[in-house]
Amino acid sequence: MKRLLLAVMCVAVLGGCSSGRKQKVAARPAPVKVAAVKPVQAQALDAKGEPIARVPFRPGISSVTVENMAKKQGCTGGVGAGLMTPPGPVEVYRMVCDNRTIFQAKCELRQCKQI
8 MKRLLLAVMC VAVLGGCSSG RKQKVAARPA PVKVAAVKPV QAQALDAKGE PIARVPFRPG
68 ISSVTVENMA KKQGCTGGVG AGLMTPPGPV EVYRMVCDNR TIFQAKCELR QCKQI
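The numbering of the sequence shown is the working numbering, which starts it at 8 and goes up by one.
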């Protein structure tokens, strides 16, 4: 036990296993930042071959209500019910279902009906 204590103290005093000379540490080059790669998606076409306009998803006050209405009709999946009109007393919501059909609802003062 005394030998172990003596060895630990020697290592601490002498600075480890070095022979008293300083070693050069090679500097690492700075990491290269890689730009984020966005997947390329083909533009969706309708039955006539015309491109379908993509509308960014915007949640609204009645999004959850419309999603629950769509779920009762068998429409699930996707991002959810997105607001298609400006916020106000009358709003139109759209939701894309798993089977690629579209569920739409019109809400007047938070009273929603399927279109």
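Beta carbons: idealized from backbone N, C-alpha and C, even for Gly.
For residue i, the first and last residue of its enclosing beta strand (DSSP E)
| i | result |
| --- | --- |
| Ala112 | Ile109 to Glu115 |
| Glu98 | Val97 to Val103 |
Backbone CA spacing between residue i and residue j [nearest angstrom]
| i | j | result |
| --- | --- | --- |
| Leu116 | Pro63 | 23 Å |
| Lys78 | Ala51 | 25 Å |
| Val97 | Met91 | 11 Å |
| Ser69 | Ala37 | 49 Å |
| Cys114 | Glu74 | 12 Å |
| Val71 | Gly95 | 17 Å |
| Gly87 | Cys119 | 15 Å |
| Arg107 | Ala33 | 57 Å |
| Met76 | Gln121 | 8 Å |
| Thr83 | Gly67 | 18 Å |
| Arg35 | Arg61 | 46 Å |
| Ala54 | Asp105 | 18 Å |
CB-CB length for residue i against residue j, believed under 8 Å
| i | j | result |
| --- | --- | --- |
| Gly89 | Tyr100 | 7 Å |
Environment of residue i [buried if 16+ CB atoms lie within 10 Å]
| i | result |
| --- | --- |
| Ala112 | buried |
| Gly81 | exposed |
Cut-off 8 Å between Cβ atoms - residues of its own chain near residue i, not counting five sequence neighbours on either side
| i | result |
| --- | --- |
| Ile109 | Arg101, Met102 and Val103 |
Chain-order list of residues whose beta-carbon lies under 6 Å from that of residue i (same chain, five-residue window excluded)
| i | result |
| --- | --- |
| Arg65 | Gly89 and Leu90 |
CB contact check: residue i to chain C, cutoff 8 Å
| i | result |
| --- | --- |
| Glu98 | Structure shown: chain C not included; a single protein chain is present. |
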